[in-house]
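Chemist: Below you will find the structure I want to go over with you.
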Amino acid sequence: MDLFDLADNSAKSAPLAERMRPKTLSEFIGQKHLLHNGSLLMRAIQADKLGSCIFFGPPGTGKTTLAGIIAGSTKSEFVKLNAVSSGVAEAKKVIEEAHERLRLYNKRTYLLLDECHRWNKAQSDCVLSAIETGSIIFIGSTTENPFVSMTRAIVSRCRVFELKPLDADDIIGGLKRAVTAPNGLGEFCVEVEDEAYRHFAWSANGDLRNAYNALELAVMTTAPSDGGKIIIDKSVAQESTQHRLLSIDDSMYYDMLSAFCKSLRGCDPDAALYWAFRLIEAGCDPLLMFRRMLAHASEDIGMADSSALITVTSALTAYEHIGPPEGYLSLAHAIIKVATAPKSNSVYLAKAAAQSAVKHHADDEVPDYLRDRTFKTPNDSGEEYIYPHDTPQYITQQYLPKSLRGERFYVPQDNPNEQKISAFLDALRKNKK
């Protein structure tokens, strides 16, 4: 066996997704919003004039593949680093070599940095001057939103291209090509039913790599029929995928959490349930939703229905005792309660008003009649504290400091429960000293 045989065996043993990785723009799947005839990115790649840029999007959408196509089409030097395993020293070496290459041979250098969001500010700063002087052309690849996860200085010097999850037709097209391609599954006699293709595409959720992995697992674990054909039907496809894959980055995570919170506030139990269980399916801890609902129960419902806080607290206790999947019933119970409860932010506004008064008013002394009377003070006014239970009404004396006399932090809102509270307080204040 010679070196060529070893190389051939190595290529054959690579995962299907790697073997099917496109080498040219004509083979590239999806991202038609970026790679259509006459588009900026298409023209820049074809003319070998692509400047520094960042490709970001979910896994399996073609970021690294697109960078590889650029590497294959450019007449420039192409160097690839991974931000997880590479640091400042490696980047500086690439930059020094690129500078010399440009000075001596007038040849540009592309630096592809995979997982570029993993670099901290110090690491990112080492390539800034090289990007500005043109010593290197930077191409970043990341699953995270660069406007959130990367240093602003790097992002401002790059054109950002967002890659979208692939649609079902794109994924099915890629799978059909893999079934017949010599470098794919062409050596096997494989027949994939239409329903199986549709299930692979649905379960991949826009990630072509996951669809390839599921198809390869299905083919490799299915025995041929009597005629020697490997038949992949929907049941085989379902066994190979188990459940739909949901991939979310930090930005999408916060977006979905925001959608969950706004759905609760907006009285939409259906949307709140959807976003909660989508977060859970993506791997988020259900306790996250409980913590948010505990806040919402006071912030957005408050005095309009104080039982919401009790319901959420009880549901949290139930979930902690029984866990999933039965505990999801308690979670859903709490979500529906919070979403459908009457809304009032009077508690939130009262808290904010009280905090503002504490920060912006004088540090008035506690009135004499409210102080601890265990010890007499020299300047005691002699005014007696009125014990509320000895009078027919409550709030018959001033409890706030003198500088805040008459201030209202809590203002009941226009809902049945708080209107009762408002009437109660109004009646008491008529008798206030």
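Take 48 as the starting number for the sequence shown in my numbering and just add one per residue. Where a beta carbon is used, it is the ideal one built from N, C-alpha and C, also for glycine.
To the nearest angstrom, how far is the alpha carbon of glycine 221 from that of glutamate 74?
Modeler: Roughly 10 Å separates the two Cα atoms.
Chemist: Below 8 Å, how does it come out for the stretch 208-219 and the stretch 92-111: are there three or more Cβ pairs, yes or no?
Modeler: In short, these stretches touch, since the Cβ pair count reaches three.
Chemist: Classify histidine 164: buried if its beta carbon has 16 or more other beta carbons within 10 angstroms, exposed otherwise.
Modeler: Flag for histidine 164 reads buried.
Chemist: Taking the straight line between their C-alpha atoms, what separation do you get for glutamine 460 and serine 391?
Modeler: Rounded to whole angstroms, glutamine 460 to serine 391 spans 7 Å at the Cα level.
Chemist: Please report how far the alpha carbon of leucine 232 lies from the alpha carbon of valine 141, in whole angstroms.
Modeler: Cα to Cα, leucine 232 sits roughly 38 Å from valine 141.
Chemist: Who are the Cβ neighbours of arginine 204 in its own chain at under 8 Å, not counting the five residues just before and after it?
Modeler: Counting only Cβ-Cβ distances below 8 Å, and skipping sequence neighbours, we find Ser99, Leu175, Ile178, Glu179, Phe185.
Chemist: Verify whether the separation of the beta carbon atoms of tyrosine 446 and leucine 417 is less than 8 Å.
Modeler: Taking 8 Å as the Cβ cut-off, tyrosine 446 and leucine 417 qualify as a contacting pair.
Chemist: Check whether the stretch 107-127 touches the stretch 60-73, counting contact only when three or more Cβ pairs, one atom from each stretch, lie closer than 8 Å.
Modeler: The answer is yes - the stretch 60-73 touches the stretch 107-127, with three or more Cβ pairs under 8 Å.
Chemist: Which full runs of the alpha helix (DSSP H) of 4+ residues lie inside the stretch 299-344, going along the chain?
Modeler: As far as the stretch 299-344 is concerned, its whole alpha helix (DSSP H) runs of at least 4 residues are 316-328, 333-343.
Chemist: Contact between the stretch 312-324 and the stretch 350-367 is defined here as three or more beta-carbon pairs at a separation below 8 Å; is this criterion met?
Modeler: Too few Cβ pairs lie closer than 8 Å, so no.
Chemist: Beta-carbon separation of leucine 128 and glutamate 263 under 8 Å?
Modeler: For leucine 128 and glutamate 263, no; Cβs fall outside 8 Å.
Chemist: To the nearest angstrom, report how far apart arginine 339 and serine 469 are at their CA atoms.
Modeler: The alpha-carbon atoms of arginine 339 and serine 469 are separated by roughly 28 Å.
Chemist: Going by DSSP, which residues form a beta bridge with leucine 158?
Modeler: Answer is Val126, Phe185.
Chemist: Could you tell me how far apart the beta carbons of aspartate 95 and serine 120 are, in whole angstroms, since I believe they sit closer than 8 Å?
Modeler: Contact flag correct, Cβ pair sits at about 7 Å.
Chemist: Cβ of lysine 281 within 8 Å of Cβ of alanine 251?
Modeler: Contact flag unset, no.
Chemist: Closest by CA to phenylalanine 235, which one among Leu158, Met197, Thr269, Met350?
Modeler: It is Thr269.
Chemist: Closer than 7 Å to a non-hydrogen atom of the ligand COA - does that hold for the CB of histidine 368?
Modeler: Of the ligands one can find in the structure shown there are none, so the ligand COA has no counterpart to examine.
Chemist: Our contact map puts lysine 154 next to serine 123 with C-beta atoms below 8 Å; I'd like the distance itself, whole angstroms only.
Modeler: About 6 Å; that satisfies the 8 Å criterion.
Chemist: To the nearest angstrom, how far is the alpha carbon of isoleucine 30 from that of aspartate 217?
Modeler: No answer is possible for residue 30: the residues shown for the chain start at 48 and end at 480.
Chemist: Does the separation of the CB atoms of alanine 136 and glutamine 170 fall below 8 Å?
Modeler: Their beta carbons are not under 8 Å apart, which means alanine 136 does not touch glutamine 170 by this criterion.
Chemist: Out of Ala248, Arg452, Ser305, Val266, which one is the CA nearest neighbour of threonine 227?
Modeler: Selected option, being the one with the closest Cα: Val266.
Chemist: Is the beta carbon of tyrosine 157 sitting closer than 8 Å to the one on isoleucine 92?
Modeler: The answer is no: Cβ separation not under 8 Å.
Chemist: Mapping DSSP to helix, strand and coil, what is glutamate 238?
Modeler: Strand.
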